Every structure is written in structure tokens, then in C-alpha cells.
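Chains as they are written, first to last, in our numbering: chain A, 1 to 419; chain B, 1001 to 1419.
1) If we ignore side chains and look at the alpha-carbon of each, how far apart do residue 10 (chain A) and residue 213 (chain A) end up?
2) Suppose you measure from the CA of residue 114 (chain A) to the CA of residue 278 (chain A); what does that come to, to the nearest Å?
3) What residues from the stretch 1102 to 1128 of chain B come within 8 Å of chain A, judged by C-beta to C-beta, listed N to C?
4) With 16 as the cutoff for other CB atoms within 10 Å, does residue 1168 (chain B) come out buried or exposed?
5) Starting from the Cα of residue 1274 (chain B), find the closest Cα among B:1346, B:1395, B:1408 and B:1374 and give me that residue.
6) Quick test of the definition: if touching needs 3 or more C-beta pairs under 8 Å, does the stretch 222 to 233 of chain A touch the stretch 191 to 200 of chain A?
7) Taking Cβ to Cβ, would you say residue 321 (chain A) is nearer than 8 Å to residue 289 (chain A)?
8) Mind listing the chain B neighbours of residue 33 (chain A)? Cutoff is C-beta to C-beta under 9 Å, in chain order.
9) Do residue 1388 (chain B) and residue 386 (chain A) have their beta-carbon atoms positioned less than 8 Å apart in this structure?
10) Which residues in the same chain have their Cβ closer than 6 Å to the Cβ of residue 1362 (chain B), if we skip the five residues on either side of it in sequence?
11) Within the same chain, show all residues whose beta-carbon is closer than 6 Å to that of residue 1158 (chain B), passing over the 5 residues directly before and after it, in chain order.
12) If residue 76 (chain A) and residue 1088 (chain B) are in contact, beta carbons under 8 Å, what's the gap, nearest whole angstrom?
13) Go ahead and pull the three-state DSSP assignment for residue 103 (chain A).
14) Would you verify that the beta carbon of residue 1348 (chain B) is, or is not, closer than 8 Å to some beta carbon of chain A?
15) Give a yes or no on whether the C-beta atoms belonging to residue 351 (chain A) and residue 364 (chain A) are separated by under 8 Å.
16) Compare the C-alpha of residue 398 (chain A) against each of B:1141, B:1272, B:1018 and B:1175 and name the closest.
17) Taking the alpha helix (DSSP H) that residue 1252 (chain B) belongs to, which residues open and close that run?
18) Determine the burial state of residue 1187 (chain B): buried for a count of at least 16 other Cβ atoms within 10 Å of its Cβ, exposed for fewer.
19) Residues in the same chain with beta-carbon distance under 7 Å from residue 128 (chain A), minus the five sequence neighbours each way, listed in chain order, please.
20) List the whole-angstrom C-beta distance separating residue 246 (chain A) from residue 384 (chain A), where the pair is believed to meet the contact cut-off of C-beta under 8 Å.
21) Interface residues of chain A around residue 1140 (chain B) at Cβ under 9 Å?
22) Just to confirm my understanding: we take residue 299 (chain A), look at its own chain, exclude 5 residues before and 5 after, and list those with CB closer than 7 Å. What are they?
23) So is residue 66 (chain A) buried or exposed if we call it buried at 16+ other beta carbons inside 10 Å?
24) Between which residues of its own chain and residue 1370 (chain B) is the CB-CB distance below 6 Å, once the five residues before and five after are set aside?
25) For residue 1117 (chain B), tell me which candidate among B:1050, B:1221 and B:1092 has the shortest Cα-Cα distance.
26) In the DSSP assignment, what residue or residues form a beta bridge with residue 87 (chain A)?
27) Give a single yes or no on whether residue 1142 (chain B) has its beta carbon closer than 7 Å to a heavy atom of the ligand FMN.
28) Please give the ranges of any alpha helix (DSSP H) in the stretch 1372 to 1414 of chain B, keeping only runs that are unbroken, at least 4 residues long and fully inside the region.
29) Could you list the residues in the stretch 334 to 345 of chain A with a C-beta less than 7 Å from some C-beta on chain B, going in chain order?
30) Out of A:80, A:79 and A:84, which has the shortest C-alpha to C-alpha gap to residue 1081 (chain B)?
31) Put residue 311 (chain A) into one of helix, strand or coil per three-state DSSP.
32) Does the Cβ-Cβ distance between residue 1224 (chain B) and residue 1063 (chain B) come in under 8 Å?
33) Output the boundary residues of the alpha helix (DSSP H) element that contains residue 1290 (chain B).
34) Would you kindly check if the distance between the Cβ of residue 267 (chain A) and the Cβ of residue 356 (chain A) is under 8 Å?
35) At 7 Å on the CB atoms, spell out the chain B contacts of residue 197 (chain A), in chain order.
36) Taking any Cβ of chain D, which residues in the stretch 160 to 185 of chain A have a Cβ under 7 Å from it, in chain order?
Written out as C-alpha cells, the structure is:
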């Protein structure tokens, strides 16, 4: 463990805990999710911006000086290949919407094709330090795939609890990665509870999103990449950038917020970005609190085509809300049909997003209409996962293909008819 | 066009053609696929190895000095993000098979999640130079997705012909990328013929694999990466490395061969690698010629779970055969069940391969049994595509998950039963 990591702070009551108190997960007093505390002074003494950006490591591990773990090793594995994802400049969308500084950060380039690899990798680095051999989580989606894939790549054992109603295809991916997959004849909450109980009884390390303070620490590396490649890389220092993030459990947006807080407190970032959370109308628990103007996150009965952000009770709702309220951002709601349109619009830039990945872009479009952002402002849109994860939704996003007879005459007729 | 690109040479009759002869595709005399000729002397005068490996570009475009196109631009697009894929060192497999120098090159990290992006990107760079606005291909698989995705990312128009029996899910990906998808009420050969006719009549540029000399030129960049990252990176100079490549049409293996030929002729590579082609038993056209000891590629009636290498008549068979015969390599056949096992074995290293992607690893295992390679020899195995492209096959590769009641007692019983 490095000296830079000094303890935790509860996101609900503000109580701080030192490392000596041996807390693994949430606040003992109120169950609030914990923020990891870093010794910024120590980090500043040891590192300068130039030390970070000059590294040859092309993964999230280039930001090791700002992470609460020591170098985990694992060179030449998928684990070591997470992050430092592509930042695309989508020419046509830039013209279409009149935004001259518009980027799409494509997290589908991660080893298991979603943003969640960042959290799983960091949790596994932590597991190595505390000598936990088994890491467990409840999930059937990207988080489970990410934990299974990352654990496999470093020889760690992963146990995934999922409701037996989980789609077989998603379960297959977990099994290919060699995870112990336990399907529970019950609902997701029962699988979740069983994962917590198993962690407690067997001494397994629990990765559950938000509940484990290190998930957000892994996810914050995306903020570091935006800072290095987009803010510094394009010398953006006259106005804050606007970041659009799809929100389900809320842990991605809170991780990104934490990353920028780290940079700001280090004095390495002049202007705090504005962070916009985008939720599906059918899964709007955090947005509801934003609109109500309070910090009370009530559960909903979620239903949206964007399965990765379909959440009844967000596991990191409070911090997710504050990511927007504390940065002059906003929460934005989009309909499923707007999400499908967004898939098609990103597709014609060569970017294939799953529904939850395209939700952020749908939110960007709505933010323009709501006058929340202006064309001269820089914008970063996060695609959180690959469209290959949900081909069925992709099929709903586009019209069917045309069928012709196998003759040149038929082709001519077809082309003329299209004119 | 740069001076380094000086013409073509027919792979069948050896006839050379200068650029003045304005040949776009195959040999006018016998229809043989054409090798691109480079002026190695000119390249050596202008560049040294250190110029190549010191570049900051982290994509296949770092090898521009060795490619037959000028810099196409297109910065910050998926097009510019192709290649420079991860080389993993699979610890467990290394121990299991006793090979201390074993790498898996993971092409699923490309923007459309397959090796084919390399060819499509280079063909589009060529299309830009010859001012062809529309690029056409016949394909429903990875090549089509790669052309559609790459074309979208640079604002080029792509037309894809496919038989109407093509899986809707694959067609959906083409449509999301905004390609003009024309389904033909006929078989694949009819779609192929129609694509050629359309290219000729409308002046569209035809990407068809092998038929277009630039597909292999794009694919050769994987050889450059193996050379730079594995051969130079690990100072391997006492024995040739052994490269395992899945083979369908044969254009990937012939592209990789071409890459090493370029390096060898430049004097930048001391030992030519041994190249092993791996085919499914149900799609063995090239392997049959290898076994027969001649260069006659007879069509087969192909049937294998590995759809990306299921090919009746390979479009680049001759050059694919020579990639092994001229490098002291071999062709190896594997059964579908061996391909499924290979998916599971790669999975537990955190690498998720489609069946065609895992076929190369199945071939590596067989090569050990056949005594074709020894444990002290360096090995590179190519995973050509993401397992997310074929979830159904993944499900066949692993046993089903267990189901338990949602109680802790049930979990205990399950764990005890497994002991």
C-alpha cells in the first residue's frame, strides 16, 4: 500500500476513517458509500503533470500515482490493457449540431468491451494487496463480464451471482471467462443479498458497485484520460468542458466526478467540467431527485431498452446526483426511441454503441434543445459499451435492408427507385 | 501516391505491372491475385528501423513508410484507431503447454472487433487517393462490418451485397454503420458476382478480399506489429518465431506473409518466421493442397462452426498456401469440437474469441502433438475476432451454469457438493 492512500470519507455523514480502522466497504454508521481519501500534498511532492503525461504505459495504469493501490504488475494481460480508450472526433455530428469541439470517448475498446473493466481491474489490484483470493459480485451484465474477464486474465477466482432469469447469452460470456457462475432461483435482489452474505461468510472480497469504494477509483481514470488527451491535448482552458454520461447505478458518473476532484485538488485542473447525467425515462431515480431539488433517491420500477442502466434503486445514487449538482451540470431524461436514434447517429460515425452507451448522446441532443449547452462549448460524450453486447436493440434502431432479385436489371431498378 | 509504391506482380504468372498500366485488381492475363511491389531501396534510403519504432502513432498507421499509400489523414476516427493491438502473454497456457515464449495477439481490440479493419482501412486510404467515392464489397461477416464501420468513420459511402439468408443480426451491424445494404434473393456467389458487376458499371471501388491487392497490404501491418513488439521487443534473434493463423479465404495469412517479406527484403528482419495455417476440417480447401503437395486449390463444400473461415473456394488460396510452404510452416486441420475447447481455454485467460479466432489456438495445440514445434521456440497465436460476434457458439463451448435456491443453506450445500 502506498502512503498516498490515507483513508475514507463517508459520502452521507462526512465521517472520516483512517486505514487503521480496517473498513472494507461502506460507512459503519449509516451505510453510506465511502470516498477514497488521497494525500494530495504527498502526491504533489512526488509528481508533476509532466511525469504523468510522459509515461509510455498506454492503459489506465499510467495514472498509478493517483490511484490508491501499488503497481499490481500483470504485464501483457487484458487487465493491463484497460483504459486509455480512443477519443473520436465525429466530423458529421460536429457539423450537424454545430459543435466545433465535440468528442466521443469510446469505452467499447476495453478488453471486455465496456467501461466496467476499469472498476474491475482496480478492485482486483486491491484484492491482490489485501490477499483476497476470491472476488465476488452480483451482476449479469457488463460488471459481471468485466470482473470475470479481468479476474481470468490475472489468475484470480471470480464468483458471479445472477438471477436464473438472466439471458443465457450473457451467462455464456461469464462462463467462457471461467468464472464460477451461480444462478439463483429468485430475483436480482436475492442474488445481491446472497453475494454479500457469501462475501462475509467466506472472506471473499465483494466488488459490488458503489458498495466497494474502489469501483469509483477505477472509473475515475476515464476522467484522467479526458483531462490529459482532451483538455490538455487541445489546450482547453477558457471554458469548462461538458461531459455527458449515461446513468444507472450512478457509479460511472460518480467515479468521473471523483477523478476531476482529484485533479482539481492537486491544482492540475483549472476549470471543473460540467457533468451531465443522462437517464432513460423508464429508469429515472436519480433524475427524479435532481428535479425535486433534494438528495432523496426513491426507488422506481425500472423499464428501458437500455438494460445496463435499468435500475430500480441506484447503488451510488447520492454521489451520482452530486456529480451534476456540484459541477453546474444537470440531469436529463431521454425516451427509449431517442436512445435508438442515438445508436443510429453514432453508427454513421463508425461507432457502435449498446443502448446504454448511446443514451449519453441522446442526452447531448436534448441538452442542446433545452439550451443547457452552447455550440462554442467543448463537449465529451461517453460511449460506455459495445453495440455487439445487444444486437437485438441495434436491429430496432435501423430500418430493414432491401431485398432484390440476383440480376443486374433488378439492381438498376432498385437504384433508380431510390433516386 | 508515394514513390515507394512502384507496381504489381502476379502471384500466378509472375508478370510485373507498372503503375502506368492502371490495373486496379487482378492480373489481366490469368486473373491471379496481385502482390504490391515496393521500392525497398527507396524506403531504406529514407527510413531506418528507429524511425519506425519511435513513432507516437499507436495504430497500424505507424507503419505508413511501408504502406503503398500516402498519409490519409482522418485523425481521431475509428479508421485511425485500427491496429497496434494488444499482445498478451497467457501465463496459465504458457505453463500448461510448457512454452515460455507464448503470445496471443488480440485483434478483437480493433474498432469493429475483428482483424478485417486493417484491410478495410487500407482499401479506403487507396480509395481516397484514386478519388473513388463509393466502395463496394460482398460479405455478411467481419469484412462487411469492417468496411461499413471504417467507411462510416471517414465519411465514405459503402455498399454491401449479401445473400438474403444472411443472419439478421449481422445485417443489423452493417445497417447501424449506415452502409447501403442490398440483400440478394440468391446465394453468396450471386451476391459476389453482382458486387463485381456493380463495381464495373458504376465505377465503384471493389474491396473484395484478395481480388483487391490492397487488402493484403492492410493485413500485413499485423506482421509489422509482431516484428516490432514481439521480435524486437523481446530480442528474439536466435530462432524463428512460429505464427498460428486461422485460414478461410486465406487473405490474412497471405497478408502476414507479405509483411514479413517486406521486412526481410529491407534487411530489417534476420529470420523469417514459420507461418502455420489452421483450417477447420469442414473447410479445408487450402490444407488439402498442402497435403497433396501441389498448388491446386479445389473447392470444397464447406461446413464448420467457425463461420468466418467457412469457405468453399478460398479467394486467396495460392498465396495462403505459399505463406506456409515458403516459410517452413505447415497447414493444420482441427475439428469443430477442438475449436470450441480452444474458446474455453482462451477464455480463462480473459480473451474472448469467436470460433474462427480460437481456431488458431486449436492448431497450436495440435502442432505440439504433431511435434511440429518445440517448447523452446517462440509462438504467436492470432485471435482474429471477438467472441461477442458469435455468442451462440460461446454457449456451446462451456457447460451450463448451476442453479440454486436463493438461500444461504442452498449455497453451502452447493459449495460442499463441488468439493
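Heads up, the beta-carbon is just placed ideally off N, CA and C, and yes, glycines get one too. Model, not experiment: these values are computed from the prediction.
Well, looking at it:
1) To locate residue 10 (chain A), count along the first chain from 1; it is residue 10. To locate residue 213 (chain A), count along the first chain from 1; it is residue 213. Distance between the alpha carbons of residue 10 (chain A) and residue 213 (chain A): 10 Å.
2) For the purposes of this step, residue 114 (chain A) is taken as the residue at position 114 of the first chain. For the purposes of this step, residue 278 (chain A) is taken as the residue at position 278 of the first chain. If you take the alpha carbons of residue 114 (chain A) and residue 278 (chain A), they lie about 17 Å apart.
3) 1103, 1106, 1109, 1111, 1112 and 1113
4) Counting from one through the second chain, the residue named residue 1168 (chain B) turns up at place 168. Residue 1168 (chain B) comes out exposed.
5) Indexing the second chain from 1 puts residue 1274 (chain B) at position 274. It is B:1374.
6) Not touching, per the Cβ criterion.
7) Along the first chain, one-based indexing puts residue 321 (chain A) at 321. Along the first chain, one-based indexing puts residue 289 (chain A) at 289. For residue 321 (chain A) and residue 289 (chain A), yes; Cβs fall inside 8 Å.
8) Position 33 of the first chain, counted from the first residue, corresponds to residue 33 (chain A). Within chain B, no residue comes near residue 33 (chain A); the closest Cβ sits about 25 Å away, beyond 9 Å.
9) Residue 386 (chain A) sits at position 386 when you count from the first residue of the first chain. Residue 1388 (chain B) sits at position 388 when you count from the first residue of the second chain. Result yes, Cβ atoms of residue 386 (chain A) and residue 1388 (chain B) sit closer than 8 Å.
10) Position 362 of the second chain, counted from the start, is the residue given in the question as residue 1362 (chain B). The residues are 1334, 1338, 1339 and 1342.
11) Within the second chain, residue 1158 (chain B) is the residue found at index 158, counting from 1. Only 1135, 1147, 1148, 1151 and 1179 meet the Cβ criterion.
12) Here residue 76 (chain A) refers to the residue found at position 76 when the first chain is read from its first residue. Here residue 1088 (chain B) refers to the residue found at position 88 when the second chain is read from its first residue. With a Cβ gap of about 6 Å, residue 76 (chain A) and residue 1088 (chain B) count as contacting.
13) Taking the first chain and counting its residues from 1, the one referred to as residue 103 (chain A) is at position 103. Residue 103 (chain A) falls in the strand class under three-state DSSP.
14) For this step, residue 1348 (chain B) is matched to residue 348 along the second chain. True, the Cβ-Cβ gap to chain A drops below 8 Å.
15) Looking up residue 351 (chain A) in the first chain gives position 351. Looking up residue 364 (chain A) in the first chain gives position 364. Result no, Cβ atoms of residue 351 (chain A) and residue 364 (chain A) do not sit closer than 8 Å.
16) By 1-based counting over the first chain, the position of residue 398 (chain A) is 398. Checked all of B:1141, B:1272, B:1018 and B:1175; the closest Cα to residue 398 (chain A) is B:1175.
17) For the purposes of this step, residue 1252 (chain B) is taken as residue 252 along the second chain, with counting starting at 1. Residues 1251 to 1265.
18) The count along the second chain starts at 1 and reaches residue 1187 (chain B) at position 187. By the C-beta density criterion, residue 1187 (chain B) is exposed, having fewer than 16 other C-beta atoms within 10 angstroms.
19) As a first step, residue 128 (chain A) is located in the first chain; it is residue number 128 there, counting from the start. Beyond the five residues adjoining it in sequence on each side, residue 128 (chain A) comes within less than 7 Å, by CB distance, of 72 in the same chain, given in chain order.
20) If you number the first chain from 1, residue 246 (chain A) lands on position 246. If you number the first chain from 1, residue 384 (chain A) lands on position 384. Sure, about 6 Å apart at Cβ, within 8 Å.
21) Looking up residue 1140 (chain B) in the second chain gives position 140. None at all; the shortest Cβ gap to chain A is about 10 Å.
22) Locating residue 299 (chain A) in the first chain gives position 299, counting from the first residue. Answer for residue 299 (chain A): 285, 312 and 313, listed in chain order.
23) Start at 1 with the first residue of the first chain, and residue 66 (chain A) comes out as number 66. It is buried - the Cβ of residue 66 (chain A) has at least 16 other Cβ atoms within 10 Å.
24) The sequence position of residue 1370 (chain B) within the second chain is 370, counting from 1. Nothing meets the Cβ criterion.
25) Here the question's residue 1117 (chain B) lines up with position 117 in the second chain. For residue 1117 (chain B), the nearest C-alpha among the options comes from B:1221.
26) On the first chain, residue 87 (chain A) is found 87 positions in, with the first residue counted as 1. The partner list for residue 87 (chain A) (beta bridge, DSSP) reads A:105.
27) What this structure holds is no ligand at all, so the ligand FMN is not there to describe.
28) 1391 to 1397
29) For chain B, the residues of the stretch 334 to 345 of chain A that bring a beta carbon within less than 7 Å of one of its beta carbons are 343 and 344, in chain order.
30) Here residue 1081 (chain B) refers to the residue found at position 81 of the second chain. Minimum Cα distance to residue 1081 (chain B) is reached at A:84.
31) One-based indexing of the first chain puts residue 311 (chain A) at position 311. Three-state result, residue 311 (chain A): coil.
32) Reading the second chain from its first residue, position 224 is the one you call residue 1224 (chain B). Reading the second chain from its first residue, position 63 is the one you call residue 1063 (chain B). For residue 1224 (chain B) and residue 1063 (chain B), yes; Cβs fall inside 8 Å.
33) Start at 1 with the first residue of the second chain, and residue 1290 (chain B) comes out as number 290. First-last of the alpha helix (DSSP H) with residue 1290 (chain B): 1285 to 1292.
34) If you number the first chain from 1, residue 356 (chain A) lands on position 356. If you number the first chain from 1, residue 267 (chain A) lands on position 267. Taking 8 Å as the Cβ cut-off, residue 356 (chain A) and residue 267 (chain A) do not qualify as a contacting pair.
35) The residue labelled residue 197 (chain A) in the question sits at position 197 within the first chain. Those are 1408, listed as they occur along chain B.
36) Note that chain D does not occur in the displayed structure, where the protein chains are A and B.
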